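**Student:** -9 is the number of the first residue of the sequence shown in the working numbering; add one for each residue after it.
Even for Gly, the Cβ is constructed at its ideal location relative to N, Cα and C.
All of these numbers come straight from a predicted model, not from anything done at the bench.
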Amino acid sequence: MKLATRIIHAGAEPDPSTGAIMVPVYQTSTYVQIAPGQNKGYEYARSQNPTRTALESAFAVLENAKFGLSFSSGVAATDAVIKLLSPGDEVIASNDLYGGSYRLFSKIFQKFGIKFHYINMLDADHISDYINNNTKLIWIETPTNPLMNITDIEAVAAIAKQHKVMVCVDNTFASPYLQNPLDLGADIALHSATKYLGGHSDVIHGCLMLNDAELREKLFFIQKSCGAVPGPQDCFLVHRGIKTLHVRMQRHCENGEKVAHFLRNHPKVEKVYWCGFEDHPNYDIARKQMRGFGGMMSFTLKDDSKETAYKVLSSTRVFALAESLGGVESLINHPASMTHASIPREERIKNGLSDSLIRLSVGIEDADDLIEDLNQAMG
Ligand SMILES: Cc1ncc(COP(=O)(O)O)c(C=O)c1O
């Protein structure tokens, strides 16, 4: 079946006890057992919940994966992947990545003896220079948050395989509608389901999709031991959101393209970071591995002061000034003080994330209204 049909029916079996077409919210902490050790597949809700099981099947379908695992947040899913490692192990990660991932790596896991190398991943071959016997994981974010850099997943996965190193791709910005890392050779696809999968800015959620049964067992064990599980109501909301992923993403892409071109032609705009421009440094790779370019972008103004950026950030009427992305409504964000505030300033500037950079999550409203809003905000 085609993607749109699979997305709508993914994990959605009518409820066996009533025929309810929507998977019910199983609001329960435990399950009655027939005799000790004899149960219906569910024992205690930190390990299993039927609303979550249905969602996990949907997650697997979205990434053409054998397994899906559902977490209480995107960060919880990231945390579980890093907990596969041991002291002395090394990770190679993009130098432009979500600030919360950087914070988790540098402020939590580094002190447990895991070493992180933050590198430019525009050229896959550059990665080989950092691989040694201790390297266990390559962490790719593509497109990156917030500079929209693109990494060649297939090329990195090929290098990683030669060295028996695992590859995890944070696929949040693209969504599974636009990009499928496992099909390109990655071992794990990760999403902050808070974003495009949920799609309505009403839930915090994360997930991992993968094909290896042994790896799935290890991650499931970490999750059940550490407890970063989602509640059934949240699973229900994400599952409902997924059913419209394809139509939402089509509109995000259409609006994204219109807004990106409007910004590029605006006399007050200096630079627009959007991977759908033909002169984007890795445009060819984006075209190869993505089905569209999405609604995420960043830009700087010719008057490169924080004050002017703040004025624009505070003047929009349709774009709401808020953290997060991927919802139906458009958001405007200041990475330096919001989503990426946990990255030290020198580190940020070195990697091209300036104090005046503005990030947009272009929603699915009428594109004309979005353009008019940005136009009036820039004066
Ligand atoms: C690219 C990316 N990965 C991971 C996360 C973390 O997800 P969550 O906020 O659901 O924990 C975010 C959050 O903004 C993100 O943008």
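Opposite Glu131 in the DSSP bridges: which residues?
**Tutor:** On the sequence shown, position 141 is the one that residue 131 refers to. Asp160.
**Student:** First and last residue of the alpha helix (DSSP H) that includes Met286?
**Tutor:** As a position in the sequence shown, residue 286 is number 296, starting the count at 1. No alpha helix (DSSP H) holds Met286; the beta strand (DSSP E) holding it covers 286 to 291.
**Student:** Less than 7 Å separating the Cβ of Tyr88 from some heavy atom of ligand 1?
**Tutor:** Counted from its first residue, the sequence shown places residue 88 at position 98. The answer is yes for Tyr88.
**Student:** Under 7 Å: does the beta carbon of Glu131 sit that close to some heavy atom of ligand 1?
**Tutor:** For the purposes of this step, residue 131 is identified with residue 141 of the sequence shown, where counting begins at 1. Yes, the Cβ of Glu131 comes within 7 Å of a heavy atom of ligand 1.
**Student:** Starting from Phe102, trace the alpha helix (DSSP H) both ways and give me its first and last residue.
**Tutor:** For the purposes of this step, residue 102 is identified with residue 112 of the sequence shown, where counting begins at 1. Where Phe102 is concerned, there is no enclosing alpha helix (DSSP H), given that its DSSP letter is neither H nor E.
**Student:** Measuring from the CB of Phe163, is there a heavy atom of ligand 1 at a distance below 7 Å?
**Tutor:** Your numbering for residue 163 matches position 173 in the sequence shown. Yes, since a heavy atom of ligand 1 falls inside the 7 Å radius drawn around the Cβ of Phe163.
**Student:** Can you tell me which of the three DSSP states Met199 falls into?
**Tutor:** Taking the sequence shown and counting its residues from 1, one reaches residue 199 at position 209. If DSSP states are grouped into helix, strand and coil, Met199 belongs with the strands.
**Student:** Report the partner residues of Tyr92 according to the DSSP bridge assignment.
**Tutor:** Your numbering for residue 92 matches position 102 in the sequence shown. Answer by DSSP bridge pairing: none, since Tyr92 is not bridged.
**Student:** Which residues does DSSP pair with Gln28 in a beta bridge?
**Tutor:** Taking the sequence shown and counting its residues from 1, one reaches residue 28 at position 38. Answer by DSSP bridge pairing, in chain order: Ala25.
**Student:** Where does Lys126 land, buried or exposed, given buried means 16+ other C-beta within 10 angstroms?
**Tutor:** Residue numbering aside, residue 126 sits at position 136 when the sequence shown is read from its first letter. The residue is buried, with at least 16 neighbouring Cβ atoms inside 10 Å.
**Student:** Tell me the residue span of the beta strand (DSSP E) that contains Val259.
**Tutor:** Translated into the one-based positions of the sequence shown, residue 259 becomes position 269. First-last of the beta strand (DSSP E) with Val259: 259 to 263.
**Student:** Under 8 Å by Cβ, that's how I've got Leu235 and Tyr167 pegged, so tell me the actual separation to the nearest angstrom.
**Tutor:** As a working note, residue 235 is residue 245 in the sequence shown. As a working note, residue 167 is residue 177 in the sequence shown. With a Cβ gap of about 5 Å, Leu235 and Tyr167 count as contacting.
**Student:** Taking Gly317 and Ser191 to be in contact with their CB atoms under 8 Å, please state how far apart those CB atoms are, rounded to whole angstroms.
**Tutor:** Here residue 317 is taken as the residue at index 327 of the sequence shown, counted from 1. Here residue 191 is taken as the residue at index 201 of the sequence shown, counted from 1. So it is a contact: roughly 4 Å between Cβ atoms.
**Student:** Less than 6 Å between C-beta atoms, sequence neighbours within five positions excluded: which residues of the same chain meet that for Ala326?
**Tutor:** One-based indexing of the sequence shown puts residue 326 at position 336. Taken in chain order, the residues that qualify are Asp345.
**Student:** Keeping to the same chain, check which residues put their C-beta closer than 6 Å to that of Gln38; ignore five residues upstream and five downstream.
**Tutor:** Along the sequence shown, read from residue 1 onward, the residue named residue 38 stands at position 48. Same-chain partners within the cutoff: Tyr32.
**Student:** Nearest-angstrom Cα distance between Gly342 and Ile333?
**Tutor:** The sequence position of residue 342 within the sequence shown is 352, counting from 1. The sequence position of residue 333 within the sequence shown is 343, counting from 1. Going from the Cα of Gly342 to the Cα of Ile333 covers about 12 Å.
**Student:** Check the C-beta distance from Glu260 over to Thr298 and give it rounded, since I have them as a contact under 8 Å.
**Tutor:** Walking along the sequence shown from the start, residue 260 turns up at place 270. Walking along the sequence shown from the start, residue 298 turns up at place 308. Their Cβ separation, rounded to whole angstroms, is 11 Å, which puts Glu260 and Thr298 out of contact at 8 Å.
**Student:** Ignore the nearest five residues each way along the sequence and tell me which others in Val51's own chain have a CB closer than 6 Å to its CB.
**Tutor:** Within the sequence shown, numbered from 1, the residue matching residue 51 stands at position 61. Result list for Val51: Arg(-4), Ala0, in chain order.
**Student:** CB-CB under 7 Å to Val262, same chain, minus the five flanking residues each way: which ones, in chain order?
**Tutor:** The count along the sequence shown starts at 1 and reaches residue 262 at position 272. These residues qualify, in order along the chain: Ala250, Leu253, Arg254, Met287, Phe289.
**Student:** What do you reckon, are the CB atoms on Glu46 and Gly64 nearer than 8 Å?
**Tutor:** Walking along the sequence shown from the start, residue 46 turns up at place 56. Walking along the sequence shown from the start, residue 64 turns up at place 74. No. Outside cutoff.
**Student:** By DSSP, does Thr68 sit in helix, in strand, or in coil?
**Tutor:** Within the sequence shown, the letter at position 78 stands for residue 68. Three-state DSSP puts Thr68 in a helix.
**Student:** Heavy atom of ligand 1 less than 7 Å from the Cβ of Asn139, yes or no?
**Tutor:** Reading the sequence shown from its first residue, position 149 is the one you call residue 139. No, since every heavy atom of ligand 1 falls outside the 7 Å radius drawn around the Cβ of Asn139.
**Student:** Got a sec: is the Cβ-Cβ distance from Val157 to anything in chain C below 8 Å?
**Tutor:** In the displayed structure, chain C is absent; only one protein chain is listed.
**Student:** According to DSSP, what are the bridge partners of Leu376?
**Tutor:** With the chain represented from -9 up to 369, any question about residue 376 goes unanswered, as that position is not in the structure.
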